[in-house]
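Here is the structure we will look at.
In full-length UniProt numbering, the protein residues as written are 1 to 86.
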């Protein structure tokens, strides 16, 4: 915070940054969903199952390692969003 920046200005600017970050996160989630659909379609076409549970466990572990228990919760939500679109 500079001498001329008020707390209200700092908060407003920071909220704008958060909104921009959220927009990027949403875009990345939508991209992830599209890629997941491609994978599911390829797996089903080749006679496999739509969901690959061991892969989902890898994803959960990755998010948990990076962010702890809240990361696991986020990963579960992502997996739910990406499942069943096919």
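Positions of the beta carbon are idealized from the N, C-alpha and C atoms, including for glycine.
C-beta atoms of residue i and residue j nearer than 7 Å
i	j	result
residue 59	residue 34	no
residue 49	residue 40	no
residue 64	residue 77	no
residue 36	residue 82	yes
Option in the options with minimal Cα separation from residue i
i	options	result
residue 54	26, 28, 79	79
Can you check the UniProt domain "Chorismate mutase" (5-86) for any alpha helix (DSSP H) of at least 4 residues that lies completely inside it and give the ranges in chain order?
-> 7-45, 53-67, 69-82
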